[in-house]
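Here our numbering is used: position 127 in the sequence shown is 127, and no number is missing along the way. Only one structure is covered here, and it is reproduced in the block below.
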Amino acid sequence: MDPAFLALAVRTKLEHAVGMDAPGPVDPEVRRRMREVVTSAIGTRRRSLGEAAAEARGLGRGMQPALPASVIDAAVVDILREAGAHLAAEEPVEHEGEPLRPVTPEEVADSLAYAMRFNDRGKARRTGHEYTAQVAAGELVNQLLRSGYVILRRPVSGRTWG
Numbered sequence: 001m002d003p004a005f006l007a008l009a010v011r012t013k014l015e016h017a018v019g020m021d022a023p024g025p026v027d028p029e030v031r032r033r034m035r036e037v038v039t040s041a042i043g044t045r046r047r048s049l050g051e052a053a054a055e056a057r058g059l060g061r062g063m064q065p066a067l068p069a070s071v072i073d074a075a076v077v078d079i080l081r082e083a084g085a086h087l088a089a090e091e092p093v094e095h096e097g098e099p100l101r102p103v104t105p106e107e108v109a110d111s112l113a114y115a116m117r118f119n120d121r122g123k124a125r126r127t128g129h130e131y132t133a134q135v136a137a138g139e140l141v142n143q144l145l146r147s148g149y150v151i152l153r154r155p156v157s158g159r160t161w162g
């Protein structure tokens, strides 16, 4: 789909939703300005939805610092939902009856670095290259992400998998 068309569609939906403020602790004027930030970020400056949402969150937190971050986050989700731009949460993935969750690149890098620094019994390898292991793990994760891998993780349990 053409990005310019998508931005126009989101902007149009947001402009039509201006009068649809949901009741809640976020001031209607703040919600209106957050909506304008999202519209401007996507339509004018060609930002991604994530970047536009982050800008709106920052504005909301700056204008109403007494509100919990979760309330501001919910307002941003509502604004994106009104525009038809918010995707529902995906169904959880299961493997062998256990739920899997996505992991962050940092978690993968930490696990790889640990594997390079310690043996399977948890005893330190005598290489003296702790920093090198962390850098190498980060590069491996970056390559996996560039290659399109999605990494999921089982809940941590006492079992060993080896």
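Glycine included, each C-beta is placed from N, C-alpha and C at the ideal position. Predicted, not measured: the structure shown is a model, and the values here were computed from it.
Asked, Found
"Just to confirm, are P102 and V150 a CB contact at a threshold of 8 Å?", "yes"
"Looking at C-alpha atoms only, which residue of E91, V108 and L80 is the closest neighbour of S48?", "L80"
"Classify A75: buried if its beta carbon has 16 or more other beta carbons within 10 angstroms, exposed otherwise.", "buried"
"Straight-line CA distance for T39 to E96?", "43 Å"
"F118 and A109 look like a contact to me (Cβ under 8 Å); what is the Cβ gap, rounded to whole Å?", "The pair is not a contact, with the Cβ atoms about 15 Å apart (cut-off 8 Å)."
"Taking only beta-carbon positions, decide if S147 is within less than 8 Å of chain D.", "The chain inventory of the structure shown lacks chain D, comprising one protein chain alone."
"How should L152 be labelled, buried or exposed, when 16 other C-beta atoms within 10 angstroms of its C-beta is the threshold for buried?", "exposed"
"Once DSSP output is grouped into helix, strand and coil, what is the label at A94?", "As written in the sequence, residue 94 is Glu, which differs from the Ala given in the question. Strand at E94."
"Helix, strand or coil: which one does DSSP assign to L14?", "Here L14 scores only 48 on pLDDT, less than 50, and its place in the model should not be relied on; the value that follows carries that caveat. Of the three classes helix, strand and coil, the one that applies to L14 here is helix, per DSSP."
"Within 10 angstroms of the Cβ of D78, are there 16 or more other Cβ atoms? Answer buried if so, exposed if not.", "buried"
"Tell me whether P112 is buried or exposed, calling it buried when 16 or more other Cβ atoms sit within 10 Å of its Cβ.", "One point to set straight first is that residue 112 is Leu, not Pro, in the sequence displayed. The residue is buried, with at least 16 neighbouring Cβ atoms inside 10 Å."
"Any chance you could list the alpha helix (DSSP H) runs of at least 4 consecutive residues sitting entirely within the stretch 35-115, in chain order?", "49-63 and 69-82"
"Among L67, A83 and T132, which one has its Cα closest to the Cα of P25?", "L67"
"Please return the same chain residues whose Cβ sits closer than 6 Å to the Cβ of M63, not counting the five positions on each side in sequence.", "V30"
"Residues bridged to L152 by DSSP?", "P102"
"Could you give the distance in angstroms between the alpha-carbon of A56 and the alpha-carbon of L145?", "27 Å"
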